[in-house]
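Asks: Residue 268 in our numbering sits at position 97 of the sequence shown, with consecutive numbering throughout.
Below is the structure I would like to discuss, written out as structure tokens.
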Amino acid sequence: MAIFRTQRPDGLGGWDAAKIAPSDLKVFGYTEPAPYVLSGGRVVCPFRNYSGSLYASESGDDGRTWSAPVKTTFPDSLARHASGRLPDGQYFLIKKLIGKTSGQINTHHRAEP
């Protein structure tokens with residue numbers, strides 16, 4: 172699989188693909204990345220998948236290369252999620268609760284260690 176990136180602030184061009192090599196494509200299938208940047212510049216990219224847990228890859232070179240995705244401690248409901256960094260430096264993850272009906276979400280947030 173691949174993630175596309177650009178260094179252009181307007182996002183209107185300069186796109187290239189960076190390969191990410193998951194161990195089992197059957198687990199990943201269709202994924203939706205939700206990348207965010209740590210204070211030191213590393214990029215973390217969680218992916219939804221079919222395993223029941225979010226997986227994440229990291230890049231230390233502005234997204235040119237990525238680590239193989241690893242299983243995180245966050246459960247995955249197979250619904251779209253969002254992650255990012257707030258202006259105060261905390262990180263957030265918003266996702267649907269597993270086994271719950273629509274309208275119920277779970278949020279996590281923490282400061283960088």
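Here a beta-carbon is modelled for each residue, glycine too, at the ideal position from N, C-alpha and C.
Please state whether DSSP places R256 in a helix, a strand or coil.
Replies: Residue state, collapsed to three classes: strand.
Asks: Could you name each continuous beta strand (DSSP E) segment of 3 residues or more that falls completely within the stretch 223–248, going from the start of the chain to the end?
Replies: Taking only runs of at least 3 residues, the beta strand (DSSP E) segments lying wholly in the stretch 223–248 are 224–230 and 241–246.
Asks: Is S222 closer than 9 angstroms to V198 when the C-beta atoms are compared?
Replies: Contact flag set, yes.
Asks: My understanding is that R256 touches Y207, with C-beta atoms under 8 angstroms, so please give their C-beta distance in whole angstroms.
Replies: Right, their Cβ atoms sit about 5 angstroms apart.
Asks: The beta strand (DSSP E) with Y262 in it runs from where to where?
Replies: Taken as a continuous stretch (DSSP letters only), the beta strand (DSSP E) holding Y262 covers Q261 to K267.
Asks: Drop a sphere of 10 angstroms on the beta-carbon of T244, count the other beta-carbons inside from all chains shown, and report buried for 16 or more, exposed for fewer.
Replies: Under this definition T244 is an exposed residue.
Asks: Alpha carbon to alpha carbon, what distance is there between R213 and D233?
Replies: Distance between the alpha carbons of D233 and R213 is about 7 angstroms.
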